[in-house]
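Here's the structure we're looking at; comments come further down.
Number of protein chains: 2
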Amino acid sequence: MAELALGIDLGGTKIAGALVTREGTVVAEVRAPTRPEEGVEPVIGRMADCIRALQAQAGAGHRIVGIGIGAAGSTDHVRGVVIMGSNLRWVNVPLRDRLLAHLGDAWTGPISVAKDTNAAVLGELLYGAGRGAHTILYVTVGTGIGGGLVLEGRLYHGVSGGAADLGHLIVETDGPLCGCGKRGCVEALASGPAIARQAREQLAAGRPSILADRPADTLTAVDVVEAAQRGDALAREIITLAGQRLGMVLAWCVDVVNPERIIIGGGVAAAGDLLFEPVRQTVAVRALPSNVEAVRIVPAGLGANSGEIGAAALVWAGAA
Amino acid sequence: MAELALGIDLGGTKIAGALVTREGTVVAEVRAPTRPEEGVEPVIGRMADCIRALQAQAGAGHRIVGIGIGAAGSTDHVRGVVIMGSNLRWVNVPLRDRLLAHLGDAWTGPISVAKDTNAAVLGELLYGAGRGAHTILYVTVGTGIGGGLVLEGRLYHGVSGGAADLGHLIVETDGPLCGCGKRGCVEALASGPAIARQAREQLAAGRPSILADRPADTLTAVDVVEAAQRGDALAREIITLAGQRLGMVLAWCVDVVNPERIIIGGGVAAAGDLLFEPVRQTVAVRALPSNVEAVRIVPAGLGANSGEIGAAALVWAGAA
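Protein chains in written order, with my numbering: chain V, 24 to 343; chain S, 24 to 343.
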């Protein structure tokens, strides 16, 4: 009987579930809206519905060996609790216990809960750009900036689950105000919203750009990345600056963690070498030469379903 | 028959060896000058002499179970090689093999080689300020700034032995020139020599201080720390600033590693709360609140013989 892992990516807008083989192949998937505004229990109810739907799809020929959940927030992986998920509007939600209560007899096996970046780094380790490496720093650059660490082949959580929480490392002491209340966090300088804000500011100041026709209030980082790829000077300048600021943070990480690989994912990573080259150059001039020599900085290898595949990797890596 | 570890602290000026019990008690010690200017082999010869002298002192009633060496430089602990030790003037010295050659039949047991900060963090873990903790960042602030990491109870080396190499994390992009060729490294801002330099600069600019009588060229960080402890405003300002800059680096480390304890040793740590309070305050306002809550920042617990006790801890921790 073939074995499958059931992976769920719990984000602020959608719940994405999949059945994933040990080789990382998705054999079935399901989607539901998160709708955090309805409260915690309805969200967990929809997660339970997704699980039952996938169990039905697995059918009699397959055995689901475990459920892995990557959640958009900080987690206590030992107790299966989401400590704080701002997009989910969750604080101290005992996700594993509530989900087991919703599922009743339908599931009595193991459930692993991790922050989504920890699921992502395991997914990259097993099936993506981390294959063959043992010590990996994964960084996502999207709406926020976060990270996950695999050290010597194992997920490293830190003492309170806060390892590789890179978004609020301060890059510029007098930089722009961050959502967290501090100034100059890398998330306030190099995330998708920060890139879009910088473009709006420069356009408002009259800088010429192919983005100048666009209504400023609809401008996103995706637009800036596309303009940069079409050669727009302003957009390239903004992406380069984001890469340099991200590179400053990664240079520190290189000297603290001495990883073998740094994997960058998230929407902004779609900028490709326009982002990666300034990242690599900044790391190369700022970190210790021997540590720079030891690390490769590469794009994430998993694309579609990376959240669910990472969540399933929690099961295959025995993180339950 | 009582078991002992033989620990050797190999520094740029002296070789310090000791026999240490499993409980961390020093039962015999020996000293020799390093004299790196004489070349590699004479230094290793003096290390071998120290080992034979300690073997003789152990006598028949004790068994030496292993030799641990903490070296002032980066090391390949697997091969027992000192990769680069600037104060030793060593590059790629196969210390374990050469030492075994010098010792011949006198020693055929295990020899562990580690950078001195890795020996120090193990010493603190087993016998000092790290007791009871499992995830510890050790930082030394003296002539240089360096670190060692214990993660989940085990020494963490990084992929090329460069983990926790904190001295060259860049704190101020346009800061003073560092010995490494970069600008604004924490070592150029908060190490002993940096503290002494800042005092000389301020005194030369006419700032009043009880240090003003001293010949500027003999002024050291020890003098600045003593003046600060006596209430001198200039000296306090310089130590506070060093603490804040060190705190910036440690805040980043807190969000990357999420340690349970940060232990600060080295000569500058003798400043006590004059240094530790600005460190703690800076970490508290710059790192993630949940990560700040999880960590205690404390002075090193081992004083005299800490180098040899740390080196012996390499044996007791099974790092061979």
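Quick reminder that beta carbons are idealized off the backbone N, C-alpha and C, glycines included.
Collapsed DSSP secondary structure at residue i in the structure displayed
| i | result |
| --- | --- |
| P133(V) | coil |
| R45(V) | coil |
| E115(S) | Checking the sequence shown, residue 115(S) turns out to be Asn, not Glu. DSSP places N115(S) in strand when its eight states are reduced to three. |
| M107(S) | strand |
| P322(V) | strand |
| V164(V) | strand |
| C203(S) | coil |
| V182(V) | coil |
| E26(V) | strand |
| L172(V) | strand |
| V53(S) | strand |
| R177(V) | strand |
| A343(V) | With a pLDDT of only 42 at A343(V), under the threshold of 50, the placement of this residue in the model should not be trusted; the figure read from the coordinates follows. A343(V): coil per DSSP, three-state reduction. |
| R75(S) | helix |
| T36(V) | coil |
| T345(V) | An answer regarding residue 345(V) cannot be provided, because it is not within the stretch 24 to 343 covered by chain V. |
| D255(V) | coil |
| V88(S) | strand |
| I218(S) | helix |
| R284(V) | strand |
| A94(V) | strand |
Distance CB(residue i)-CB(residue j) smaller than 8 Å
| i | j | result |
| --- | --- | --- |
| V144(S) | I159(S) | yes |
| R86(V) | A129(V) | no |
| R102(S) | P59(S) | no |
| A25(V) | G108(V) | no |
| A142(V) | A327(V) | no |
| V247(S) | A228(S) | no |
| I214(V) | V338(V) | Note on residue identity: the sequence assigns Ser, not Ile, to residue 214(V). Their beta carbons are not under 8 Å apart, which means S214(V) does not touch V338(V) by this criterion. |
| G146(V) | A336(V) | yes |
| A244(V) | A251(V) | no |
| V272(S) | V209(S) | yes |
| G184(S) | T140(S) | no |
| I287(V) | A317(V) | no |
| V49(S) | E331(S) | yes |
| L27(V) | A81(V) | yes |
| A219(V) | L242(V) | yes |
| T98(S) | K138(S) | yes |
| A292(V) | L178(V) | no |
Nearest-angstrom Cβ-Cβ length linking residue i and residue j, presumed shorter than 8 Å
| i | j | result |
| --- | --- | --- |
| L172(S) | A186(S) | 5 Å |
| G165(V) | G289(V) | 4 Å |
Chain-order list of residues whose beta-carbon lies under 8 Å from that of residue i (same chain, five-residue window excluded)
| i | result |
| --- | --- |
| L200(V) | R206 and A211 |
| R230(V) | L257 |
| G167(V) | G190, E210 and S214 |
| P56(V) | T36, K37, I38 and R69 |
| T131(V) | L123 |
| T196(V) | R206 and G207 |
| D255(S) | S232, I233 and L234 |
Close Cβ partners of residue i (< 7 Å) along its chain, the five nearest in sequence each way excluded
| i | result |
| --- | --- |
| L77(S) | L29, G40, L42, A51 and V53 |
| V116(S) | V63, V104 and V105 |
| R253(V) | I233 |
| H157(S) | E175, G176 and E283 |
| A226(V) | Checking the sequence shown, residue 226(V) turns out to be Leu, not Ala. Taken in chain order, the residues that qualify are S232, L234, A235 and A239. |
| A344(S) | Outside the shown range of chain S, which is 24 to 343, sits residue 344(S), and nothing can be said about it. |
| A274(V) | T305, V306, R309 and A310 |
| G198(S) | R206, G207, A211 and L212 |
| R45(V) | E26 and W339 |
| R237(S) | D246 |
Proximal residues to residue i (C-beta, below 6 Å), its chain only, five neighbours per side dropped
| i | result |
| --- | --- |
| R319(V) | R284 |
| C73(V) | I38, G40, V53 and A55 |
| L297(V) | A251 and I262 |
| N110(V) | G35 and A95 |
| I67(V) | R121, L122 and H125 |
**Prompt:** If you pair each beta-carbon of the segment 252-268 of chain S with each one of the segment 310-317 of chain S, do three or more pairs fall below 8 Å?
**Reply:** At 8 Å Cβ cutoff, the stretches do not touch.
**Request:** Pair every Cβ in the segment 26-42 of chain S with every Cβ in the segment 84-98 of chain S, then say whether three or more of these pairs are closer than 8 Å.
**Result:** Yes: the two stretches touch, three or more of their Cβ pairs being nearer than 8 Å.
**Message:** Using a Cβ distance threshold of 8 Å, determine whether the segment 56-74 of chain V contacts the segment 108-127 of chain V, with at least three qualifying pairs required.
**Reply:** Using a Cβ-Cβ distance cut-off of 8 Å, the segment 56-74 of chain V and the segment 108-127 of chain V are in contact, since at least three pairs of beta carbons, one from each stretch, lie closer than that value.
**Message:** For the structure I just gave you, are there three or more beta carbon pairs, one from the segment 188-196 of chain V and one from the segment 269-283 of chain S, closer than 8 Å?
**Reply:** The segment 188-196 of chain V, when compared against the segment 269-283 of chain S, does touch it at the 8 Å Cβ threshold.
**Request:** Report yes or no: do the segment 246-264 of chain S and the segment 286-302 of chain S share at least 3 C-beta pairs separated by less than 8 Å?
**Result:** Yes, since at least three Cβ pairs between the segment 246-264 of chain S and the segment 286-302 of chain S fall closer than 8 Å, the two stretches touch.
**Request:** Anything in the segment 141-170 of chain S with a Cβ closer than 7 Å to a Cβ of chain C? List those residues in chain order, please.
**Result:** The chain inventory of the structure shown lacks chain C, comprising the protein chains V and S.
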